[in-house]
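Since the structure comes first, as structure tokens, the remarks are kept for the end.
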Ligand SMILES: Cc1ncc(C[n+]2csc(CCOP(=O)(O)OP(=O)(O)O)c2C)c(N)n1
Ligand SMILES: [Mg+2]
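Chains as they are written, first to last, in our numbering: chain U, 41 to 416; chain E, 2 to 323.
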């Protein structure tokens, strides 16, 4: 018998405001009201300014390693905009713009990169999990959070962000499989920025799209221009509808580009062509949106100037708050470990300033020696 | 002889071993074109080509798992895990396969791989870039664990690790990568695995350490003004019990220093071996100066956590005065 085709598939890619400024009036109709487009542009600008100031803080030794978001602002911002405020955001570390939109005060991100855990002490009502340093691990948490939403019959979903590199980790595949097979309301938002530090996406995936990976798990999968905030909002809204109404996950590949180095510890010139960077400069989501607004007479240089000043003020104020926050006592590293501190950890906490470790007589109650009668 | 940093010494060892043995291939994240995030494999991609210096997908279980396959097939893979915190996804392959293949097959299949891993704190790095997980792997029978504390040792130990017929985890203390230079012979040489180094001889007290804290111990010893024997284990598993015992019997007073948490840290094993072999020689309880039983704090507080010279100095005083 001749073999028959049992599965064929294709991946759609959505673009609404393209790199040349062309706007698809049909797809983009009634998608984002003008006043919101302006707010989104402002948010991107603040985030860009945040990168600049964070970069300077790092270079002047006032902050540790920092990963710039530059060039990728639209992906997380469009996503956060398209979701409800009680949907879970489960980020990696290149989603500042979206997290700020949700309401995360900027100093949290700064504190995190300043080596202060209080940057992760995110107010519960924001429904944001801490930045995930170990690549790909947070995807499973998103599946679990979504599972809990479904179990409780809440009208909520979980959206997790990760990079192209993360799609190589086992946890990525396990999370996709759980979400698809247990019918979980999850959005997997992959920011394919072309690089995982120095490793190009083709080493993570030989298929022409990352989105195909979702199909393999039996979930709806789509690609979009990740530098086009309209396209991002469009596909995320559809994914959110699917999650809420059908409890089905969606995989979204947002195609974007990291304009900066991987982090301040990296030098991208070692592994990628300047020509490629220049090409993507032309596709900058921020410039694209500004041109769109300017053409539509919704924006001008006066507004731009005022915005730049305001953005700088806002970020500088956040930096000031982060730098001037009162130091925590060292005892906090012990107190933070468990709901109730175990005896040994308490002993270490209380003696760390006065002793080296190990002089166990200190702090341990002497118990009376057993009498001879007791021992025989 | 050349005056090299620890990074350069490892780089040199890799070059020399790769030139000598074409079964060696390097694999890991960003080790190729980028030369590794710490530049340990700088220049090797150009020199040996993409077939022998391989940028892999971002998957630690994949890196170690395929290395096991390569090794069983007779090659000598030298995989890299970018930071010790990312060993976790590879834990399964290390402990369930690399460590067991020889005994499981009664020697029919072996896994001569050398897993290079930057380790430890003190460089202001983000979360999971500063841990000291060596005890996890020492606890797993079937795998050797090495941690050099100087450029000279790094070269000789790495060559031994690569030539060793069994799997070795080779931890590279980040804090020492560029901390100081040392004369390192151009010629190849080996330092046997399982042999500690007596860094300074002394008869009042013994300090046992490994990795980055060795340098802190040297500082503490200098300011103590006492005659202290400092032992750098170099290999954590198998432990050089003989050298430890010789010194403990001589001085009767022992301080053990490590970065990892105290609870079930290697200090406990070492103290226990000393008890087994030297009980009647001891003049004071053995003390441990270690990281605390907390997760490694973010970098603002990492220096509070790490065993710095001041805390080691206190232990020296306490144990000497006991
Ligand atoms: C499990 C794990 N392995 C390795 C690393 C080191 N590392 C940090 S970021 C990164 C690349 C991530 O690439 P990608 O997922 O594409 O995200 P991007 O940085 O491009 O946003 C690597 C290898 C890590 N943080 N976690
Ligand atoms: Mg990437």
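Where is the CB? At the ideal position from N, CA and C, for every residue including glycine.
Computed from a predicted model, the values in this text were never measured in an experiment.
Legend entry - DSSP-derived helix/strand/coil call for residue 365 of chain U: In the three-state reduction of the DSSP assignment, residue 365 of chain U falls in the coil class, being assigned neither a helical nor a strand state.
Inset, instruction - Given a cut-off of 8 angstroms, decide if residue 150 of chain U and residue 114 of chain U are closer than it, judged by their beta-carbon atoms. - result: Going by C-beta atoms, residue 114 of chain U is not nearer than 8 angstroms to residue 150 of chain U.
Legend entry - Interface residues of the stretch 278–293 of chain E facing chain U [CB-CB below 8 angstroms]: Flagged, chain order: 286, 287, 288, 289, 290, 291, 293.
Legend entry - Beta-carbon neighbours of residue 302 of chain E, restricted to chain U and to distances below 7 angstroms: Going along chain U in sequence order, the residues near residue 302 of chain E (Cβ under 7 angstroms) are 370, 373.
Inset, instruction - Out of U/297, U/336, U/333, state which residue places its alpha-carbon closest to the alpha-carbon of residue 323 of chain U. - result: Answer by Cα proximity: U/297.
Legend entry - Residue span of the beta strand (DSSP E) that contains residue 199 of chain U, given as start and end: Its beta strand (DSSP E) spans residues 198–203.
Inset, instruction - Measuring only between beta-carbons, confirm whether residue 244 of chain U sits less than 8 angstroms from chain E. - result: Closer than 8 angstroms to some Cβ of chain E, the Cβ of residue 244 of chain U qualifies, so yes.
Legend entry - chain E within 8 angstroms of residue 295 of chain U, Cβ atoms only: No, its Cβ sits nowhere closer than 8 angstroms to a Cβ of chain E.
Legend entry - Cβ contact (3+ pairs, closer than 8 angstroms) linking the stretch 253–265 of chain E and the stretch 201–218 of chain E: With a cut-off of 8 angstroms, the stretch 201–218 of chain E and the stretch 253–265 of chain E count as touching, because enough Cβ pairs lie within range.
Legend entry - Helix, strand or coil at residue 56 of chain U according to DSSP, with G and I counted as helix: Coil at residue 56 of chain U, not helix or strand.
Legend entry - Neighbourhood of residue 152 of chain U by C-beta distance below 8 angstroms, restricted to the same chain and skipping five residues each side: Excluding positions up to five away in sequence, the list reads 159, 160, 170, 171.
Legend entry - Cutoff 7 angstroms; reference residue 193 of chain E; Cβ partners in own chain excluding five residues on either side: Cβ neighbours of residue 193 of chain E within its own chain (closer than 7 angstroms, five residues either side excluded): 161.
Inset, instruction - Consider the Cβ of residue 35 of chain E: report whether some Cβ of chain U lies at a distance smaller than 8 angstroms. - result: Taking Cβ atoms only, chain U reaches closer than 8 angstroms to residue 35 of chain E, which makes this a yes.
Inset, instruction - Below 8 angstroms between beta carbons is the criterion; list the residues of the stretch 62–89 of chain E that meet it against any residue of chain U, in chain order. - result: Listed in sequence order: 62, 63, 86, 87, 89.
Legend entry - residue 336 of chain U: first and last residue of the uninterrupted alpha helix (DSSP H) it sits in: For residue 336 of chain U, there is no enclosing alpha helix (DSSP H), as DSSP marks it with neither H nor E.
Legend entry - chain U contact for residue 98 of chain E (CB, 8 angstroms cutoff): No, because no Cβ of chain U sits closer than 8 angstroms to the Cβ of residue 98 of chain E.
Legend entry - Under 8 angstroms between C-beta atoms of residue 78 of chain E and residue 68 of chain E: Yes. Within cutoff.
Legend entry - Where residue 145 of chain E falls: helix, strand or coil (DSSP): Judged by DSSP in its simplified three-state form, residue 145 of chain E adopts strand.
Legend entry - For residue 388 of chain U, three-class secondary structure by DSSP: If DSSP states are grouped into helix, strand and coil, residue 388 of chain U belongs with the helices.
Legend entry - Three-state class that DSSP yields for residue 157 of chain E in the structure shown: DSSP places residue 157 of chain E in the helix class (H, G or I) of the three-state scheme.
Inset, instruction - Determine the extent of the alpha helix (DSSP H) in which residue 74 of chain E is found, giving its start and end residues. - result: In the DSSP annotation of this structure, residue 74 of chain E is not part of any alpha helix (DSSP H), being labelled neither H nor E.
Inset, instruction - Could you tell me if the beta carbon of residue 202 of chain U falls within a distance shorter than 7 angstroms of some heavy atom in ligand 1? - result: Shortest gap from the CB of residue 202 of chain U to any heavy atom of ligand 1: under 7 angstroms.
Legend entry - Cβ pair residue 148 of chain E, residue 127 of chain E closer than 8 angstroms: Taking 8 angstroms as the Cβ cut-off, residue 148 of chain E and residue 127 of chain E do not qualify as a contacting pair.
Legend entry - Nearest-angstrom Cα separation, counted from residue 310 of chain U out to residue 20 of chain E: Here the alpha carbons of residue 310 of chain U and residue 20 of chain E stand approximately 25 angstroms from one another.
Inset, instruction - Could you work out which residue in E/283, E/165, E/123 is closest to residue 306 of chain E when comparing CA atoms only? - result: Per the C-alpha coordinates, the member of E/283, E/165, E/123 positioned closest to residue 306 of chain E is E/123.
Inset, instruction - Run the proximity test for residue 59 of chain E: is its beta-carbon closer than 7 angstroms to any non-hydrogen atom belonging to ligand 1? - result: Yes; taking the cut-off as 7 angstroms, the Cβ of residue 59 of chain E has a heavy atom of ligand 1 nearer than that.
Legend entry - Proximity of residue 259 of chain U and residue 225 of chain U at Cβ, strictly below 8 angstroms: Going by C-beta atoms, residue 259 of chain U is not nearer than 8 angstroms to residue 225 of chain U.
Legend entry - Identity of the residues DSSP links to residue 199 of chain E by a beta bridge: Residue 199 of chain E is bridged to E/232.
Inset, instruction - Apply the 10 Å Cβ neighbour rule to residue 42 of chain U and answer buried if 16 or more other Cβ atoms are within range, or exposed otherwise. - result: Classification for residue 42 of chain U: exposed.
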